[in-house]
Amino acid sequence: MSQQSRKTRKDQLEIHIDPSSLFAKRELNTLDKCILTFSTLGLEADRLINEAINVHFPAILLYEENDLAQSAVISQIGFFLPTLNNFAQFLGNVLQVFRNLLQQIRAFYSLSNTELQKVGDWTLTRSWRTLGDLLSILMQTDEILLNHDALKRDWNLYRKSLETAQHNPSQFDVSVDELRPLLIALTTIDAQLMHGDALRNCYEQSFGELDDDQKFRDRMKSSIIDMYSQWEATAVADVPDKRQLTSLICLGVFYHLHFGGKDKKVVKTLWNSHKKIVAFHLIGNIVWLPCWFILREIPEMRSLVDKKSLQFVQTTKESLYKEQSSGMIAEAHAMCTDCEAWEADFRLQLEPNGRHSTRHAADCIKLADLVLKGARLCDTMCRLLRTVLHSEAKEKRMTKSDSIKIFQVIQSIKSIARLFTKKWSIVLEVCQMAAHQYRCNALLIVGKGRTTCRESGEIERLNAWNVAAEALLSTDSRSRLLVAGIALEMGVYKKVLRSAEATQLEQLLTRIDTLGRPRKLITKVTDCSFLYWERSIFSLYFDSIIDIQPTREQIECFVCTIGDCAALTSRASHVADRALLRRFQNDIYHSMQKGLLYTMCGDIENDLRILIHKHLAVDEKDKISPRKFAFYKNLLKDPQIRLFDRVLDVREFVERYLEKTFYNLTVVALHDRHTYTRMAGLAFTRYQLQLIDGHLPHFNLDQGLDVISVMKNLGQFVTSYNYSLNQQVFIEKDSASKFLRVLSAQHVANSLRSHGTGVLNTAVNITYQLLRKKMAIVSQFLAEEHVKAQLQREVRYFEENGESLQRLYPVKRAEKFNRAITQLGMEGEESYLDKFRQIVTQIGNALGVVRALTTAAALEASQAKQSDVDESDLPLTDPTQQTPEIFTVVKDLLKEVREQTGRNRNYIKMLINVFRSGFADQTKYSHLAGFYAVIPPLTVNYVEHMLTCRERLRKRSQQGKEITFTDDGFVMGIAYLCTVFEQWRSLAALNWFTAVLKRCGEEREKLNSDETPVGDQSGVKALRSQRLNAYEKEFKLLAYTLQSARIFYFSENDDQHLVT
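Position one of the sequence shown corresponds to residue 1 (full-length UniProt numbering), numbered consecutively onward.
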């Protein structure tokens, strides 16, 4: 069941309590029948009024102009046609009830004294007012249609299309007989509704003998004038009752036009209402001017009133917004202070004096008066806002100060509504107890009236007072109060009671009626659904919210109005499936995005960017202010905002915005990835925003040399780059620019993400081809006659003199070997031993590339493993069953990821084994057996080379020379060759590094034992000491690095001798 139908049934349940149940236990006399008749008609009129306000009026008002095609408009009117038909039938019911009630009033005043005495003294004010209320339904219908051009235009288009179908029914596959009922219904709707003549149809119809009844005419005239006098007297001391004035104006216009308009006194009297109130909100987006309505319905009024008042009324409609809007806004805004004081007082009054304290009758009445005061404040502010916002003349744009005042007024109204809702159980209890107390007070006054009538012997009046007492003793429902009010009028309570008591009794009945339905009261006075027709207010609010910076509670109060508007849109019947509600919510959401969310996201992003780039000069005006920062923090702390049946999470919106922005900006500027990563971390620290990493798949900030380019020029690469064993980094030796290129394992991993791990096998194969060439050169060098003979002499010497040398290979022999190789010839500035050292280094660099490839592949496989899922997540248990292709592909990809992760990629071991098996022939490669003997002079050559490079770096001289500060490729090559040739044991037997350190120690002792030099010899000694320290340090570093490299090549089959 829809909300609308539930509300209608609730109202019916509340209103339709049969008044006849009050007279069920006795025989009805004439007075009882009169009371029952007027009460029943009054209740029926109330039902019609509620149905018009809650069902029919919203359906017509919510019909909007849309940019639809002609066929779509016709379809929409066709969908809306049942609503229009029901509305036309409803207006027929209103006319019927109005006619019945009018005839009953005339019949009542026609009763003879034998049937009912002194009926002329009875005013029947409530029944006359009910007539006016029914006429006001017709008047409001006319006003809605006269101001609804879109509906009338679409209706005319629909009628023309049906007329076309009537002239050519075969084209539309219908017959004339099938169209005839529809055309009759359209004619009825057009006559009763669409022409805007509902009120005219009422006063132009004939009421039979009533039309010529001069006595009834005079009675109606005097009743209207008396009710207007009462209204005017009340308006002097209080806020004018606009509903009562509407009823009087409609009743007066009906009287004037139906009875020929000969007597001008009624309309002249009603014309003076402009002195109390000029214009007010009627319904929807319509502002109604009573005197303007009188001029439209009675054109001859222009000659009956003075020109000054006529000019005032004519200009008021155009100048209402320009001249009075600021005053009304200021008046409503001034009441915000009263609202704050009221809320403080209300909270204070609700605090109990004790834990189990109870409220006495006086306390309940005081609280009930406070509830009515709050409702009155809300009602007054709502009426002022409706009048200002729905004024037709809006040539003057609303100023920013006025808009802020309107926002504050709306927040105050909804703040009171929220307080009522929060304390509703107490409010309901207080209202019920206060209503009960007021009933007791009313019964006391009724008792005085009964006593007076009993003493005067007026039996019929006494019976009326008895009926009023029974009604008040029964319940405080609407029907019982209406019976009591009509019975009191039958009992002529204004003549029986003193004036003060009669006034007090009227106020008590009004309060009982009001407090008996507190939910309806609070909903009515705090309803801000009128903002639906001024949706620009929402856009203006969200555009200004960052400048205003309201509290979190104030924002919640304002967005509560969205719920009121959304509840109104749910009553639309020209669209299906609550389409109007969704359209309205989308409009509000887009306004909120544009005004608040995107601006907030931009400010937060800018704030994070400024904080990350503190080294840049930023203007103070570009920084976020402390007040704005605090506002954003509070909003993100409690981020959920309810938009009727939806909840918007501000925090989630900002997080998704920043994630998308950072991702997009990183894609187009990969070098800024770390910047946005830091900004994401700062977003959590500063705003508690948890941003998800974008996980860009193929690119990285550290995108360096491409592995394909390296493999294509591997020979040049191992020549032009130096390798660092510990850091796994290749550093360019020399560059024409001021920068040196670097290749790390991470760079290789990034490149593998681009090309895939399939390049590994090709890369290793290229490395193998390069190693074959370099190993051939090594073999040729060791096979050279001079080198081979020298190596054999060194091996023989050490074997023969090992004991005398304490198993320490002499450093002098290594230095002599180095010089001997130099005597074989020079190529430029480099000896054959320098060339051999470079070959060994290139071998080590090539193996370093293989090591980097292996590490990068492992890194890539471990990252890919994160995307793996459990096998149970893919329920592909039966391969014979048909499986969606996408699942099969995903499963194959995950299988490949697992295989890549678990694949053995020990390419270094493969390269060791392949060359070890190739050099296993001892007869063919016997010259390789002396390789270990070349290592001491080779290391001396290496150390001298490194010392020269470091000296060059320190002096920053010799431009164009290579820039070398690490060269672990040499150590990698030595270790690899020792492993392939299986000569670690032989190398360890030389105790080469121990011998070097011993030699350095002896040189230091000798240097220190010399007498203190004189003159220039002191500088020589310092230089020798410095050179010796550097030499020793370099050899130590070489020894440590060689041990690390040996561990890298170590396998279970190798010996465990350490090189010392």
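Backbone N, C-alpha and C define an ideal beta-carbon position, used for all residues, glycine too. As the structure is a prediction and not an experimental result, all values here were calculated from the model.
Asked                                                                                                                                                                                : Found
Going by DSSP in three states, residue 281 sits in which element: helix, strand or coil?                                                                                             : strand
Is residue 735 helix, strand or coil by DSSP?                                                                                                                                        : coil
In whole angstroms, give me the CA-to-CA distance for residue 151 and residue 327.                                                                                                   : 34 angstroms
First and last residue of the alpha helix (DSSP H) that includes residue 412?                                                                                                        : 400-422
In or out: residue 809 buried (at least 16 other Cβ within 10 Å) or exposed?                                                                                                         : buried
Looking only at DSSP bridge pairs, what is residue 287 linked to?                                                                                                                    : 281
Ends of the alpha helix (DSSP H) at residue 821?                                                                                                                                     : 811-822
Which partner residues of residue 723 appear in the DSSP bridge assignment?                                                                                                          : 730
How many Å lie between residue 755 and residue 1039 at the Cα?                                                                                                                       : 38 angstroms
Which residues bound the alpha helix (DSSP H) around residue 70?                                                                                                                     : 70-109
Do residue 1035 and residue 970 have their C-beta atoms closer together than 8 angstroms?                                                                                            : no
Run through the region 524-578 for me and flag every whole alpha helix (DSSP H) of 4 or more residues, listed as ranges in chain order.                                              : 536-548, 552-569
Since residue 251 and residue 162 are thought to touch, with beta carbons under 8 angstroms apart, how far apart are those beta carbons, to the nearest angstrom?                    : That belief does not hold up - the Cβ atoms of residue 251 and residue 162 are roughly 38 angstroms apart, past 8 angstroms.
Considering only C-alpha positions, which residue in the set 200, 114, 165 is nearest to residue 143?                                                                                : 200
DSSP three-state label for residue 922, please.                                                                                                                                      : coil
Given a cut-off of 8 angstroms on the beta-carbon distance, is the pair residue 164 and residue 104 in contact?                                                                      : no
Would you give the residue range spanned by the beta strand (DSSP E) that residue 649 belongs to?                                                                                    : 646-649
Assuming residue 289 contacts residue 279 under a Cβ cut-off of 8 angstroms, what Cβ separation, rounded to an integer in Å, is found between them?                                  : 5 angstroms
Taking only the alpha-carbon atoms, compute the straight-line gap between residue 1000 and residue 811 and give it to the nearest angstrom.                                          : 10 angstroms
What separation, rounded to the nearest whole angstrom, lies between the Cα atoms of residue 121 and residue 410?                                                                    : 47 angstroms
Output yes or no for whether 8 angstroms exceeds the beta carbon distance between residue 946 and residue 725.                                                                       : no
Cα-Cα, which of 625, 609, 1019 is closest to residue 673?                                                                                                                            : 609
Using a Cβ distance threshold of 8 angstroms, determine whether the region 544-561 contacts the region 502-515, with at least three qualifying pairs required.                       : no
CA-CA distance, residue 640 and residue 385?                                                                                                                                         : 28 angstroms
Got a sec, what are the start and stop residues for the beta strand (DSSP E) residue 808 sits in?                                                                                    : It is not in any beta strand (DSSP E) - residue 808 carries neither H nor E in the DSSP assignment.
Do you know offhand how far residue 373's Cα is from residue 346's?                                                                                                                  : 10 angstroms
From 179, 146, 222, 178, pick the residue whose C-alpha is nearest to that of residue 193; which is it?                                                                              : 146
Let's see if you can read the secondary structure: which residues bound the beta strand (DSSP E) around residue 742?                                                                 : 742-744
Beta-carbon within less than 7 angstroms of residue 355's beta-carbon, same chain only, minus the 5 sequence neighbours each way: which residues are those?                          : Note on residue 355: pLDDT 43, under 50, position unreliable in the model; the coordinate value appears next. So the list is empty, once near-sequence residues are dropped.
With H, G and I counted as helix, E and B as strand and the rest as coil, what does DSSP make of residue 355?                                                                        : Below a pLDDT of 50, predicted positions are generally treated as unreliable, and residue 355, at 43, falls in that range; no measurement from the model is reported.
Measure the Cβ-Cβ separation of residue 831 and residue 928 and say whether it is below 8 angstroms.                                                                                 : no
Would you kindly report the start and end of the unbroken beta strand (DSSP E) that includes residue 641?                                                                            : 640-643
Can you say whether residue 300 is buried or exposed, counting buried as having 16 or more other CB atoms within 10 angstroms of its CB?                                             : exposed
Looking only at its chain, what residues have a beta carbon closer than 7 angstroms to the beta carbon of residue 131, apart from the 5 residues adjacent to it on each side?        : 98, 101, 102, 251
Just to confirm my understanding: we take residue 1061, look at its own chain, exclude 5 residues before and 5 after, and list those with CB closer than 8 angstroms. What are they? : An answer regarding residue 1061 cannot be provided, because it is not within the stretch 1 to 1060 covered by the chain.
Does residue 391 come out as helix, strand or coil in the three-state DSSP assignment?                                                                                               : coil
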